[in-house]
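If you're matching positions, the sequence shown starts at 1 in the working numbering and goes up one per residue.
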Amino acid sequence: MSTIVYYSSATSDLAVKKRQQSLQFLLDKKKRQYTMEDLAQMEKPQRDELYAKANVRIIPMVFHNGKYIGGQDELQMAEEDEIFDSLFQ
């Protein structure tokens with residue numbers, strides 16, 4: 001099972017940076033193994049394909065087994081609602 005977090009190292013937006021850090025903290029706290037993929041290192045067609053697959057353009061984006069499961073806000077809400085682990089099944 002693979003979990004990929006798509007983020008951007010090129011953003012200057014403080015809110016995006018905070019969401020990225022918060023998501024990493026949550027995944028680490030939950031002891032979830034994941035890979036970080038930098039959208040800034042991808043070609044535009046690859047990025048656009050991910051945005052289309054997720055149906056959002058907000059980063060960070062989390063995919064599990066090729067399926068978009070949410071961003072930082074969605075995963076944080078899932079943790080608060082005690083359904084976090086079910087997203088990874």
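Every residue gets a Cβ at the ideal spot worked out from N, C-alpha and C, and that includes glycine.
These numbers come from a predicted model, not from an experiment.
With residue i as the anchor, note down where its alpha helix (DSSP H) starts and where it stops.
i: Asp-44; result: Correcting the residue type first, residue 44 is Lys in the shown sequence and not Asp. That run of the alpha helix (DSSP H) goes 44 to 54.
Quick check on DSSP: helix, strand or coil for residue i?
i: Asp-85; result: helix
i: Asp-28; result: helix
i: Asp-73; result: helix
Just to confirm, is the Cβ distance from residue i to residue j under 8 angstroms?
i: Val-16; j: Ser-8; result: yes
i: Tyr-6; j: Ile-59; result: yes
i: Leu-39; j: Gln-72; result: no
i: Met-61; j: Tyr-68; result: yes
i: His-64; j: Phe-88; result: yes
What distance in whole Å lies between the Cβ atoms of residue j and residue i, which are believed to be in contact at a cut-off of 8 angstroms?
i: Leu-26; j: Leu-75; result: 6 angstroms
i: Tyr-34; j: Ile-4; result: 7 angstroms
Under DSSP, the beta strand (DSSP E) around residue i begins and ends at which residues?
i: Tyr-34; result: Note, Tyr-34: premise wrong, no beta strand (DSSP E); not H, not E.
i: Ala-4; result: It should be pointed out that residue 4 corresponds to Ile in this sequence rather than to Ala. Residues 3 to 7.
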